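Numbering (UniProt numbering), first residue to last: 1 to 171.
Even glycine gets a Cβ: it sits at the ideal position worked out from N, Cα and C.
Note that the structure is a prediction, hence the values are computed from the model and not measured.
Dropping the structure here:
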């Protein structure tokens with residue numbers, strides 16, 4: 001029965017092979033590029049947008065600069081040497097958990113090819129193209145959840161906790 005499941009008996013990917021895959025993919029450069037753009041992307045988060053909503057038009061640019069600076073500073077723990085190592089180690093462990101040695105070798109071979117290099121070279125453009133629409137979609141879905149589902153979910157949770165729609169110690 002296990003023979004029908006691909007990878008059921010396959011060797012797990014070695015750390016060395018995953019590190020080689022990351023080298024071929026330009027993992028560090030991709031992380032650098034992504035981290036540089038993250039504050040700009042985060043500006044579209046609902047919490048940030050609500051802060052900016054009440055700011056007069058003539059103060060928007062200055063306030064956006066301040067918010068961007070704080071967002072950049074908050075991301076420093078992921079971009080400094082220690083944070084990068086931690087993120088890389090997490091990524092290596094996740095890759096080893098998901099992919100077999102055969103798959104990592106195939107990915108490495110692919111990303112070494114002209115087509116693979118072309119795809120990786122375009123990855124920052126792809127991320128730029130998808131991040132804003134994805135954030136907007138997530139924001140829309142979260143607003144819909146809050147309006148349509150959250151009240152019912154909270155009532156159901158309260159019934160489990162205290163047997164009532166609203167628990168006495170909750171407002």
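- The beta carbon of residue 63 is closer than 7 angstroms to those of 52 and 55 in its chain, skipping five residues each way along the sequence.
- Pairing residue 148 with residue 46 gives a Cβ-Cβ distance that is not under 8 angstroms.
- In the structure shown, residue 12 adopts extended strand secondary structure according to DSSP, grouped into three states.
- The closest CA to that of residue 89, considering only 169, 15, 164 and 166, is found on 15.
- Residues of the same chain with a CB within less than 7 angstroms of the CB of residue 71, apart from the 5 flanking positions on each side, are 39 and 42 in chain order.
- Within the DSSP secondary-structure output, residue 100 pairs in a beta bridge with 12.
- In this structure, 111 is the residue among 152, 111, 130 and 143 with its C-alpha nearest to the C-alpha of residue 23.
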